[in-house]
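Engineer: Going by the numbering used here, the sequence shown opens with residue -7, and the numbers climb by one from there.
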Amino acid sequence: MKEIRKREFANGVVYALKTEDDFPLEVTDTFLPFYTKDAIGKKQNILTSYELGDRKQRWMVGVSCMSGCPVRCKFCATGQLRKYRNLTCDEIVEQVKFIIEKNPDYNPKEAKEFKINYTRMGEPFLNIEEVKKAIFKINELYPNVHHYISTIGIKGSDFSWIKDNITLQISLHSLDEDKRNWLIPFYNKYTIEELGKIRTKSNLKTTLNLTLVDEKDFDLAKLEKYFDKNYFFVKLSPINENAVSENNHLGKGVIKGVNLL
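1) Near residue 185, which residues of its chain fall below 8 Å by C-beta distance, leaving aside the five closest residues on each side in sequence?
2) Which of the three DSSP states is assigned to residue 212 in this structure?
3) Could you tell me the distance, in whole angstroms, from the CA atom of residue 9 to the CA atom of residue 55?
4) For the alpha helix (DSSP H) that residue 73 lies in, which residues bound it at each end?
5) Could you compute how far the alpha carbon of residue 44 sits from the alpha carbon of residue 23?
6) Given a threshold of 16 other Cβ atoms within 10 Å of its Cβ, counted over all protein chains shown, does residue 12 qualify as buried or as exposed?
7) Give the C-beta separation of residue 57 and residue 110 to the nearest angstrom, bearing in mind that I take them to be a contact with Cβ-Cβ under 8 Å.
8) Which term fits residue 112, buried or exposed, when burial requires 16 or more other beta carbons within 10 angstroms of its beta carbon?
9) Please state whether DSSP places residue 244 in a helix, a strand or coil.
10) Helix, strand or coil for residue 152, going by three-state DSSP, please let me know.
11) Check for me: the alpha helix (DSSP H) holding residue 131 runs from which residue to which?
12) Just the Cα atoms here: how many angstroms apart are residue 239 and residue 102?
13) How long is the line joining the alpha carbons of residue 94 and residue 20, rounded to whole angstroms?
14) Cα-Cα, which of 222, 135, 206, 86 is closest to residue 158?
15) Let me know the alpha helix (DSSP H) ranges lying completely inside the segment 163 to 190, each 4 residues or longer, listed in chain order.
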């Protein structure tokens, strides 16, 4: 793979890469203090100081499982790409190796948490066999790794293999079915009620990710009705503003940036 450009920020870097056949993809390299891992216990995930930790604490690599994406969420910049294709197992693993080679002073085996987030370009369950192969290979290379797989909930998906060091995230975004279908215009997906029936054997609860564009998208009654708190953890996310979200008039969303104490 070839590096095209990068953008650095306080706690990491995002890289734009191209495959050998010239398809673009994105991979991220981020870190946080280890105390941020206890979001459930603290009931929030706000940094308590300007100290951002380092890759010896929480080291997270965000990989793409596709170049482009056919889902085309209304706030996702990936929707600007007209073409898409599934990445191979080796192309997914290569992204992890790329980040590790960029950080020769850090060893993922020494990190308190080393996590692979399948949250960049693409829907993992539309390329699930290659994703599963990549997980197997990464487990062999880095025995202390944790995998975090984000999905919209493709109908017919098998979640029985999500266990131990593999955790599921569901892109929910709205508790109104019609609004969710508009935000995620891929109709071969589970309903909100069906998503609530998903069970895994992961070491961690399944995350419900809500990138809230309107306060009306959060409905506590529906949340309690469909999602048992013993199995699900709710994460509220901000909109990362881009040309796609602007074209769809989504504004800045409900969740705003928070100043550090």
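All residues carry an ideal CB built from backbone N, CA and C; glycine is no exception.
Structural biologist: With the given structure in hand:
1) So the qualifying residues of the chain are 218.
2) Residue state, collapsed to three classes: helix.
3) Between residue 9 and residue 55, the C-alpha separation is close to 11 Å.
4) Residue 73 -> no alpha helix (DSSP H), and no H or E assigned at all.
5) For residue 44 and residue 23, the distance between alpha carbons rounds to 7 Å.
6) With fewer than 16 other CB atoms across the displayed protein chains lying within 10 angstroms of its CB, residue 12 is exposed.
7) With a Cβ gap of about 6 Å, residue 57 and residue 110 count as contacting.
8) The residue in question, residue 112, is buried, as its Cβ has 16 or more Cβ neighbours within 10 Å.
9) For residue 244, the secondary structure class from DSSP, reduced to helix, strand or coil, is coil.
10) Reduced to three states, the DSSP call for residue 152 is coil.
11) Here the alpha helix (DSSP H) through residue 131 covers 120 to 133.
12) Whole-angstrom Cα-Cα distance: 44 Å.
13) Using only the alpha carbons, I get a separation of about 11 Å.
14) For residue 158, the nearest C-alpha among the options comes from 135.
15) Segments of the alpha helix (DSSP H) lying fully in the segment 163 to 190: 169 to 175, 184 to 187.
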